[in-house]
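Protein chains: 2
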Amino acid sequence: MLAVQQRVAYIKLERKFMLNHAATKTRTKPRTAPKEERKTQLIKATIRSIAKHGLSVTTMATVAREAGLSQGIINLHFQSKERLLEETLRFVVDEYRAIWYKTLESSGNSAADRLTALVAVGFDKRICQRNKLAVWFAFWGESRSRPTYRNICAERDREYKQVLTGLCAEIITEGGYKARADFVAHGLAAMIEGLWLDLLLIPADVTPEHARAVSLSWLQDVFPGHFPNN
Amino acid sequence: MLAVQQRVAYIKLERKFMLNHAATKTRTKPRTAPKEERKTQLIKATIRSIAKHGLSVTTMATVAREAGLSQGIINLHFQSKERLLEETLRFVVDEYRAIWYKTLESSGNSAADRLTALVAVGFDKRICQRNKLAVWFAFWGESRSRPTYRNICAERDREYKQVLTGLCAEIITEGGYKARADFVAHGLAAMIEGLWLDLLLIPADVTPEHARAVSLSWLQDVFPGHFPNN
DNA sequence: ATAGTGACTGAATGATTATTCATTCATTGA
DNA sequence: TCAATGAATGAATAATCATTCAGTCACTAT
Chain A
11 MLAVQQRVAY IKLERKFMLN HAATKTRTKP RTAPKEERKT QLIKATIRSI
61 AKHGLSVTTM ATVAREAGLS QGIINLHFQS KERLLEETLR FVVDEYRAIW
111 YKTLESSGNS AADRLTALVA VGFDKRICQR NKLAVWFAFW GESRSRPTYR
161 NICAERDREY KQVLTGLCAE IITEGGYKAR ADFVAHGLAA MIEGLWLDLL
211 LIPADVTPEH ARAVSLSWLQ DVFPGHFPNN
Chain B
11 MLAVQQRVAY IKLERKFMLN HAATKTRTKP RTAPKEERKT QLIKATIRSI
61 AKHGLSVTTM ATVAREAGLS QGIINLHFQS KERLLEETLR FVVDEYRAIW
111 YKTLESSGNS AADRLTALVA VGFDKRICQR NKLAVWFAFW GESRSRPTYR
161 NICAERDREY KQVLTGLCAE IITEGGYKAR ADFVAHGLAA MIEGLWLDLL
211 LIPADVTPEH ARAVSLSWLQ DVFPGHFPNN
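Note that the protein sequences, when read in sequence, are chains A and B.
Going by our numbering, the first sequence opens with residue 11, and the numbers climb by one from there.
Going by our numbering, the second sequence opens with residue 11, and the numbers climb by one from there.
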């Protein structure tokens with residue numbers, strides 16, 4: 011019964027693409043778009059499977075079942091399981107980066123406003139979902155033994171910390187605080203990731219709103235002149 | 011060649027126990043001690059295997075090989091792979107708790123001293139080893155889908171945060187700070203775990219000493235009266 | 001000495017897994 | 001309408017895994 015529903019969903023997806031494709035009138039690469047759609051469909055199924063079963067119990071079969079497609083489909087689109095997993099990690103990492111970049115663009119001019127916005131993104135509904143947090147931690151858990159995972163994460167991390175350090179430096183200069191920008195930024199980034207862990211492990215005690223409040227309260231403590239307490 | 015050395019080591023262990031046992035003169039449970047020794051030997055081999063290969067590639071064979079023992083040994087002592095993994099997590103969790111309890115007992119009377127000591131334990135050489143950090147994150151990564159793992163961690167977490175909150179509350183009262191004790195403690199605990207992630211992912215950039223410095227600098231920023239900056 | 005004890009071994013077993021590929025099916029251009 | 005195209009299927013395959021257990025070995029008590 012469920013399989014039928016998923017089959018229907020797949021057919022709709024196929025139809026939708028055809029319309030889109032007809033509209034673009036590109037002829038050199040027919041059916042190129044549905045390939046991408048299939049890939050993201052499979053990546054999203056992988057995220058659900060990792061969240062539901064864990065990375066070590068996520069098999070080609072669980073992902074295919076979650077996507078409502080057949081066994082062989084993953085090798086067709088990703089060549090191997092390993093590639094699927096790498097692209098899944100990249101998907102989550104890139105999504106986070108894209109959102110905080112965009113947020114910075116559309117946020118205020120003051121360093122304090124921008125910092126607030128940047129911190130809040132970590133607890134945004136689009137990012138801070140338990141399924142996605144499970145994916146982050148699943149890959150972090152394997153990253154000691156897989157340089158590929160580590161590199162994908164490290165790259166993102168450097169960028170993020172660089173921006174964070176810049177904003178902290180600006181605030182410190184403005185306010186004449188004693189704190190060291192790199193230490194503050196490093197601690198702040200670490201705190202956000204640690205709060206993610208709480209959201210994953212004890213969701214009953216900690217909500218995204220609560221975690222955001224903890225972060226912002228910390229900003230008030232460290233930069234009292236810029237983030238007035240009440 | 012290596013196997014022979016390990017075999018020799020095993021024999022020595024066996025001999026050592028016999029002497030110990032003769033000394034205690036207990037007769038009802040003979041050979042009970044070497045069983046425990048074997049178990050911790052296997053648990054330590056599991057830690058190395060998880061750090062080297064990752065949890066999802068850690069098999070009965072990799073653990074047995076790492077311990078220099080045979081295939082069947084794990085089922086003999088732990089009944090199943092799952093039990094071995096649970097006891098490995100418990101081993102690491104209990105070790106951390108034991109050390110910070112002991113540290114608190116032997117540290118100064120002032121809340122500030124005790125808090126400093128408690129934070130420093132997180133970066134102690136006995137705790138903050140990359141192999142062990144890999145184990146923490148490996149299990150956290152699977153914990154979304156395994157209530158057993160989650161419970162083992164959650165229990166420890168509650169205790170730790172409770173002590174942390176108590177110390178922060180004391181300091182806040184003494185110094186008349188505006189900060190909320192539960193928020194500060196929550197943020198601090200999260201930061202330590204986030205710094206562990208950096209130690210795991212980018213050990214070239216972050217050392218335990220550096221991470222400890224970041225934490226202590228954070229304490230200085232939040233409680234300037236209790237942790238004077240220079 | 002020697003039989004008894006129980007920790008330990010490692011080959012065998014059955015279950016599970018990623019990957020392959022001959023076949024099916026839907027869609028397209030002529 | 002129909003041949004051509006290539007995405008999707010799912011049964012088959014080979015590899016890997018946890019678990020079992022009959023047999024081995026070191027040591028103890030008699």
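For each residue, glycine too, the CB sits at the ideal point set by N, CA and C.
All figures in this text were calculated on a predicted structure; none of them were measured in a lab.
**Study point:** For K142 (chain A) and D208 (chain A), the rounded distance between their alpha carbons
**Key:** 14 Å
Review point. What's the gap between the Cα of I137 (chain B) and the Cα of R107 (chain A)?
Key: 32 Å
Review point. Should L210 (chain B) go down as buried or exposed, given a rule of 16 or more other Cβ atoms within 10 Å for buried?
Key: buried
Review point. Leaving out the 5 sequence neighbours to the left and right, which residues in its chain are closer than 7 Å to G118 (chain A) when beta-carbon positions are compared?
Key: R124
**Study point:** Spatially closest choice to L52 (chain B) from B:A122, B:A77 and B:L99, by CA coordinates
**Key:** B:A77
Review point. Along the chain, where does the alpha helix (DSSP H) that runs through L151 (chain B) open and close?
Key: Here residue 151 (chain B) turns out to be Gly, not Leu, going by the sequence shown. Taken as a continuous stretch (DSSP letters only), the alpha helix (DSSP H) holding G151 (chain B) covers R140 to S153.
Exercise for review: Output the boundary residues of the alpha helix (DSSP H) element that contains T69 (chain B).
Suggested key: No alpha helix (DSSP H) contains T69 (chain B), which DSSP labels as neither H nor E.
Check your understanding: Looking at A199 (chain B) and C178 (chain B), is the spacing between their C-beta atoms short of 8 Å?
Key -> no
Check your understanding: In angstroms, rounded to a whole number, what distance separates the CA positions of P40 (chain B) and H87 (chain B)?
Key -> Confidence is the limiting factor: at P40 (chain B) the pLDDT is only 35, short of 50, which leaves the residue's position unreliable, though a coordinate-based value still follows. C-alpha separation (whole angstroms): 16 Å.
Check your understanding: DSSP state of L128 (chain A), grouped into three classes?
Key -> helix
Exercise for review: Alpha carbon to alpha carbon, how far is L229 (chain A) from F237 (chain A)? Give it in angstroms, no decimals.
Suggested key: 7 Å
Exercise for review: Give a yes or no on whether the minimum CB-CB distance between E203 (chain A) and chain B is below 8 Å.
Suggested key: yes
Check your understanding: Under a Cβ-count criterion, where at least 16 other Cβ atoms within 10 Å of its own Cβ denotes burial, should S116 (chain B) be classed as buried or exposed?
Key -> exposed
Practice item. State yes or no: is the C-beta of G151 (chain A) within less than 8 Å of the C-beta of I202 (chain A)? Key: no
Check your understanding: Does DSSP put N119 (chain B) in a helix, in a strand, or in coil?
Key -> coil
Check your understanding: Should N239 (chain B) be labelled buried (16 or more other beta-carbon atoms within 10 Å of its own) or exposed?
Key -> exposed
Exercise for review: Name, please, each residue of chain A whose Cβ falls closer than 8 Å to the Cβ of F147 (chain B).
Suggested key: F147, W150, G151, S153 and R154
Exercise for review: Closer than 7 Å by beta-carbon distance: list the chain A residues that pair up with N239 (chain B), in chain order.
Suggested key: K188
Review point. Comparing the C-beta of S227 (chain B) with each C-beta of chain A, is any distance below 8 Å?
Key: yes
Point to revise | Check whether I60 (chain A) and A74 (chain A) have beta carbons under 8 Å apart | key: no
Review point. For Y212 (chain A), which three-state DSSP category applies?
Key: A small fix is needed here, since residue 212 (chain A) is Ile in this sequence, not Tyr. Coil, per DSSP.
Exercise for review: Keeping to the same chain, check which residues put their C-beta closer than 6 Å to that of T34 (chain B); ignore five residues upstream and five downstream.
Suggested key: Because the pLDDT of T34 (chain B) is 33, which lies under 50, any placement of that residue in the model is unreliable, and the number read from its coordinates should be weighed accordingly. For T34 (chain B), where only same-chain residues beyond five positions count, there are no Cβ hits under 6 Å.
Point to revise | Buried or exposed (CB count within 10 angstroms, at least 16 for buried), S227 (chain B) | key: buried
Check your understanding: Anyone know if the C-beta pair for R93 (chain B) and G64 (chain A) falls short of 8 Å?
Key -> no
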